[in-house]
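Numbering (our numbering), first residue to last: 222 to 1124. Heads up, the beta-carbon is just placed ideally off N, CA and C, and yes, glycines get one too. Structure record follows, encoded as structure tokens.
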């Protein structure tokens, strides 16, 4: 039907006048500009989402459209003589032509987002994407920590641990439109407890920003508010990265700071047949301590990006293709000379190859179809972790070799040995997306209807945990080997529709963007709660711009906007299909001087690790934004609230398991010729409350805050601009489902065999407030730019929520759940489930401030650029009292230097 309508429209198009309206300074399309007949003072049409307009030339319109008046709030009216395929430049009432912006800019769209351009990144001098977060409201400079994973946590005060990692997992990263998926990532060393391994785990935590190089990036948009329904499988935010395309130059960058060195090389090609090719490579080498070469991180990225445009009378066809490789290598080992000869090595390799292709159709004619887009992307990773260490045991310990339920003898391990464990992961991601943008031709309303669908598949073909069960690295861990390829693939199907409209109302303007996204996870077992379930994400944003007025002698305007929306993140493969839990209960541990006569016997239970009731994580967020522009000085304030009560977490569960407690006191060691037999050995039949974990929707993350951005116009004689960013965040973390807890109490000669179920096991409220003041100066004649920023942390605080002393229910030694009553507190065993009160005093860290300096200088006709930065060149961090103790704060400067060459 759409094709038929398009053909009919083309047939009827006897003649038309078309053009495009863009910003004179930024060359961005202006949406909703009013095109009027200057002679008759009659509105003719408005520009669409791409800044284009079309005026049919029929009847007297053939003559009346020769003189056009183009108006838009915040810009000077433009009166022109119409020309075919005209390109009309609107000048802001306070022009910023030629200005260099070295900070993030608040988006002019309906939702709160920050846009970071190339100039800002060059001035910041980042090593990885994590450095860019300093430019967001609430952000501050931090020393790079490349020896641990870097995850994004938007709008949070003092983020909590892995039970609240849905915030980072639910932030979607797009590179040139292709999503970086971590849903099949299961790179973690099972059984590990030491920081060398746990600090580098990235399972169920989202994108590790260390792997993202910034050198190829042309611009970044970080959406903190309610994004378009085009983007899904997210809860917290959206990061859209666009890389450079076209050009003719050769670029090189060399950077060195106190912890890392970086080298980047790129070559751009652009031919007259509208074909572009961009090639680049970079290498990063980092050491947590430059004096210690045994703890290091390195990254290698290679990229080839090609594009071609076919221009036709009625449409343009754009094809872009990408081929990328990222290698991330993380390692740490202890010096044997300092570790008493013991071996302790951790090594992690991340290798990702990604390719994508996007075909985009853009129509020129005034028809219902404006554009269509088809994207296909694929990525494959081969990731390995190698953990090698010397294991030293203090007592006789057994290694369980069985993988089935039942009673088995364990292999008695030597007291010292060297063991290795490997984790092999091979995630594969496929992504296909198709959408179209339509419009209803109108002279008064700029409108775009977006409809589309996408499909995403994740699968891991790796071998998983690989180790010698007779020489385990973690002998007390109850784990077994299982190939990751045995786990089913994740398939997610989404469809979406959204209307975006801009309506001039006299001197005012109304903007609306509303739509819904429906998504379903396929390929799930029939007993799963998510099987066949569609999740709906309705989202809406609205904005109203008031008439222009004069304030302090400057042209000014006010804009108010707001939005509300639902956001859904599907579970990962590891959360949907975790490994089974193994419970190994010791039945006999008989020691003999002769190892051949010793015996360890255990009984094994296998519990499926899956939770069929697991659902998607859902986050409802809303925000209100006010925008005041006075003569080019722009102030933006946003108040927001978010509430996610179904975040993913690993929950501990208990159940009763029977086992035999053998009594070997009657064994005569002098008569043994082999390990003692169990047939006639007396035993006692007992039960033990064994613990296992599974994933559930048991975490609540509640966010509230205010974000502030002020950007002045550049003062002409001083060449200086003031930028102020700041935020106040309050974040509440607590469990949203009953949590099981077993006290570590010994009653009699055994551990307490009761478990409490608490509804308020956790509860923390964190707050922070900060403001960053930046003065940046750009002197074009000297080719010199520098900035000084004062970053003020007004305070940070944390306070535990009061928790109930008594549980809501309890589990007895037989695994039965009972309701808690007042009489339970007097029971000799149950009284231990009553918790003593903890410290609920609010802990506050007071004011601190530091100064940062950045300088850039261009030489040799802008072909050579030198830059340096020094964070905390001066700081004010006074001591303060906390719980009767004096806390002394001390910071050190962090500095670096880089050189850029462009030929």
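Beta-bridge pairing of residue i - partner residues as DSSP gives them
{"i": "residue 610", "result": "565, 640"}
{"i": "residue 687", "result": "643"}
{"i": "residue 902", "result": "DSSP output for residue 902 lists no bridge partner at all."}
{"i": "residue 596", "result": "579, 654"}
{"i": "residue 1039", "result": "1031"}
{"i": "residue 1094", "result": "In DSSP, residue 1094 forms no bridge with anything."}
{"i": "residue 1088", "result": "1077, 1119"}
{"i": "residue 746", "result": "Bridge partners of residue 746: none, in fact."}
Residue range of the alpha helix (DSSP H) that includes residue i
{"i": "residue 834", "result": "Looking at the DSSP string, residue 834 is not in any alpha helix (DSSP H), and its letter there is neither H nor E."}
{"i": "residue 700", "result": "Neither: residue 700 is in no alpha helix (DSSP H) and is coded neither H nor E."}
{"i": "residue 387", "result": "387-390"}
{"i": "residue 251", "result": "Element bounds for residue 251: n/a, residue is neither H nor E."}
{"i": "residue 372", "result": "Here residue 372 belongs to no alpha helix (DSSP H), and DSSP marks it neither H nor E."}
{"i": "residue 342", "result": "339-345"}
{"i": "residue 419", "result": "416-419"}
Cβ pair residue i, residue j closer than 8 angstroms
{"i": "residue 454", "j": "residue 485", "result": "no"}
{"i": "residue 694", "j": "residue 642", "result": "yes"}
{"i": "residue 376", "j": "residue 861", "result": "yes"}
{"i": "residue 584", "j": "residue 590", "result": "yes"}
{"i": "residue 797", "j": "residue 722", "result": "no"}
{"i": "residue 272", "j": "residue 251", "result": "yes"}
{"i": "residue 321", "j": "residue 999", "result": "yes"}
{"i": "residue 470", "j": "residue 1123", "result": "yes"}
{"i": "residue 866", "j": "residue 921", "result": "yes"}
{"i": "residue 780", "j": "residue 789", "result": "no"}
{"i": "residue 1121", "j": "residue 474", "result": "yes"}
{"i": "residue 535", "j": "residue 586", "result": "yes"}
{"i": "residue 425", "j": "residue 378", "result": "no"}
{"i": "residue 949", "j": "residue 926", "result": "yes"}
{"i": "residue 361", "j": "residue 1012", "result": "yes"}
{"i": "residue 980", "j": "residue 896", "result": "no"}
Buried or exposed by the 16-neighbour rule on C-beta atoms within 10 Å, applied to residue i
{"i": "residue 531", "result": "exposed"}
{"i": "residue 355", "result": "buried"}
{"i": "residue 393", "result": "buried"}
{"i": "residue 894", "result": "exposed"}
{"i": "residue 793", "result": "buried"}
{"i": "residue 449", "result": "buried"}
{"i": "residue 1108", "result": "exposed"}
{"i": "residue 302", "result": "exposed"}
{"i": "residue 308", "result": "exposed"}
{"i": "residue 1068", "result": "exposed"}
{"i": "residue 1063", "result": "exposed"}
{"i": "residue 915", "result": "buried"}
{"i": "residue 277", "result": "buried"}
{"i": "residue 553", "result": "buried"}
{"i": "residue 319", "result": "Any reading at residue 319 must be qualified, since the residue scores a pLDDT of 49, below 50, and its modelled position is unreliable; no value is offered."}
{"i": "residue 774", "result": "exposed"}
{"i": "residue 995", "result": "buried"}
{"i": "residue 451", "result": "buried"}
Any non-hydrogen atom of the ligand HEM within 7 angstroms of residue i CB
{"i": "residue 1048", "result": "No copy of the ligand HEM occurs in the structure displayed, which carries no ligand at all."}
Assumed close pair residue i, residue j - CB separation to whole angstroms, cut-off 8 angstroms
{"i": "residue 510", "j": "residue 482", "result": "With 8 angstroms as the limit, residue 510 and residue 482 do not qualify as a contact, their Cβ atoms being about 15 angstroms apart."}
{"i": "residue 524", "j": "residue 442", "result": "Between residue 442 and residue 524 the Cβ distance is about 20 angstroms, and since that is not below 8 angstroms, they are no contact."}
{"i": "residue 828", "j": "residue 799", "result": "About 11 angstroms; that fails the 8 angstroms criterion."}
{"i": "residue 438", "j": "residue 401", "result": "In fact, because the Cβ distance is near 14 angstroms, the residues do not count as touching under 8 angstroms."}
{"i": "residue 711", "j": "residue 679", "result": "4 angstroms"}
{"i": "residue 768", "j": "residue 729", "result": "6 angstroms"}
{"i": "residue 408", "j": "residue 606", "result": "6 angstroms"}
Closer than 8 angstroms to chain B by CB, residue i
{"i": "residue 474", "result": "Any reference to chain B falls outside this structure, which holds one protein chain only."}
Run of the beta strand (DSSP E) containing residue i, from where it starts to where it stops
{"i": "residue 539", "result": "536-554"}
{"i": "residue 447", "result": "From DSSP, residue 447 is part of no beta strand (DSSP E); its letter is neither H nor E."}
{"i": "residue 671", "result": "667-681"}
{"i": "residue 787", "result": "775-790"}
{"i": "residue 794", "result": "Counting along the chain, residue 794 falls outside any beta strand (DSSP E), though it belongs to the alpha helix (DSSP H) covering 794-797."}
{"i": "residue 711", "result": "711-726"}
{"i": "residue 503", "result": "496-510"}
{"i": "residue 1015", "result": "1005-1021"}
{"i": "residue 871", "result": "854-883"}
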